[in-house]
Amino acid sequence: MTITKADLVHRVYKNHHDLTKPQASDAVEAFLRLSKNTLINGSDLLLTGFGKFNIRDKKPRRGRNPQTGDDLILSARRVVTFKPSGILRDKINGE
Numbered sequence: 001m002t003i004t005k006a007d008l009v010h011r012v013y014k015n016h017h018d019l020t021k022p023q024a025s026d027a028v029e030a031f032l033r034l035s036k037n038t039l040i041n042g043s044d045l046l047l048t049g050f051g052k053f054n055i056r057d058k059k060p061r062r063g064r065n066p067q068t069g070d071d072l073i074l075s076a077r078r079v080v081t082f083k084p085s086g087i088l089r090d091k092i093n094g095e
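Here's what the structure looks like:
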């Protein structure tokens with residue numbers, strides 16, 4: 001099951017009775033905006049008990065167009081990686 005941003009807002013709203021739905025939406029938006037800006041600026045995002053998001057630089061590399069089979073060069077780029085915490089990993093594995 002996929003949880004959308006709207007689902008997340010609804011769950012925050014239901015679990016925090018002192019918040020209105022617009023306040024819950026603002027809180028979720030603020031967290032996502034802060035998380036996004038942290039990664040855009042090249043910093044790691046560590047959420048204790050959940051995991052760590054970081055940016056990794058990938059070098060240019062050779063690739064192949066799967067439709068034509070032509071060789072091509074894939075340019076250097078930055079990618080987001082995620083490493084789950086031990087706590088999350090254990091819960092996912094039922095430990």
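Numbering (this note's numbering), first residue to last: 1 to 95.
Quick reminder that beta carbons are idealized off the backbone N, C-alpha and C, glycines included.
Computed from a predicted structure; not experimentally measured.
Local Cβ density within 10 Å of residue i, reported as buried at 16 or more and exposed below that
{"i": "residue 79", "result": "exposed"}
{"i": "residue 24", "result": "buried"}
Proximity winner among the options, relative to residue i (alpha-carbon distances)
{"i": "residue 100", "options": "93, 88, 6", "result": "This structure does not reach residue 100, given that the chain is present from 1 up to 95, and the question cannot be answered."}
{"i": "residue 26", "options": "94, 82, 5", "result": "5"}
{"i": "residue 81", "options": "42, 67, 94", "result": "42"}
{"i": "residue 85", "options": "40, 8, 15, 47", "result": "47"}
{"i": "residue 55", "options": "7, 40, 66", "result": "40"}
{"i": "residue 9", "options": "68, 2, 18, 29", "result": "29"}
For residue j and residue i, believed in contact at Cβ under 8 Å, the rounded distance
{"i": "residue 76", "j": "residue 91", "result": "In fact, because the Cβ distance is near 36 Å, the residues do not count as touching under 8 Å."}
{"i": "residue 71", "j": "residue 64", "result": "6 Å"}
{"i": "residue 38", "j": "residue 32", "result": "Their Cβ separation, rounded to whole angstroms, is 11 Å, which puts residue 38 and residue 32 out of contact at 8 Å."}
{"i": "residue 52", "j": "residue 83", "result": "5 Å"}
Continuous beta strand (DSSP E) assignments of at least 3 residues falling wholly in the region 9-81: 45-47, 51-58, 61-64, 71-74
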